[in-house]
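The opening residue of the sequence shown carries number 73 in the numbering used here; numbering runs sequentially from there.
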Amino acid sequence: MEYPNTGAVFRAKEKKHDKSPDMFGSLKIDKHYLLNLIEESNGQLVEIKFSGWTAVSQKGEKYLSLKLSTLQPTPKKDTEDDDSIPF
73 MEYPNTGAVF RAKEKKHDKS PDMFGSLKID KHYLLNLIEE SNGQLVEIKF
123 SGWTAVSQKG EKYLSLKLST LQPTPKKDTE DDDSIPF
């Protein structure tokens, strides 16, 4: 079964040269999730949180399973009410 906003990273079996990646993988991102990220970004960078779990494929290969989520900024709490402002 495929789940949206998830992916996997596998260790590369062979490196053809020094600059070859040590790992490779892919992400499956839901279209609505992606469009929402674009809308909310206002042309700025969007930081995406991911969580990972070690797993073993049906073929016996170890890999890292990933899940994406958007970082939500913590709202700043005002220490004073608007009624207490003297002007």
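Quick reminder that beta carbons are idealized off the backbone N, C-alpha and C, glycines included. Quick caveat: nothing in here was measured; it's all calculated off a predicted structure.
Inter-residue Cα distance where the pair is residue i and residue j
{"i": "LYS87", "j": "PHE96", "result": "11 Å"}
{"i": "PRO93", "j": "ILE120", "result": "22 Å"}
{"i": "LEU127", "j": "TYR135", "result": "Reading off the sequence shown, one finds Ala at residue 127, where the question assumed Leu. Going by the C-alpha atoms only, they are around 5 Å apart."}
{"i": "LYS103", "j": "GLU111", "result": "12 Å"}
{"i": "SER129", "j": "ASN77", "result": "19 Å"}
{"i": "THR23", "j": "ASP90", "result": "Any question about residue 23 goes unanswered here, given that the chain covers just 73 to 159."}
{"i": "LEU109", "j": "GLN116", "result": "10 Å"}
{"i": "LYS131", "j": "VAL81", "result": "15 Å"}
Whether residue i touches residue j by CB criterion (8 Å)
{"i": "SER98", "j": "GLY79", "result": "yes"}
{"i": "LEU140", "j": "PHE122", "result": "yes"}
{"i": "GLU74", "j": "LYS100", "result": "yes"}
Those runs of the alpha helix (DSSP H) which lie wholly inside the stretch 86-136 and span at least 4 residues: Listed in chain order, they are 103-113.
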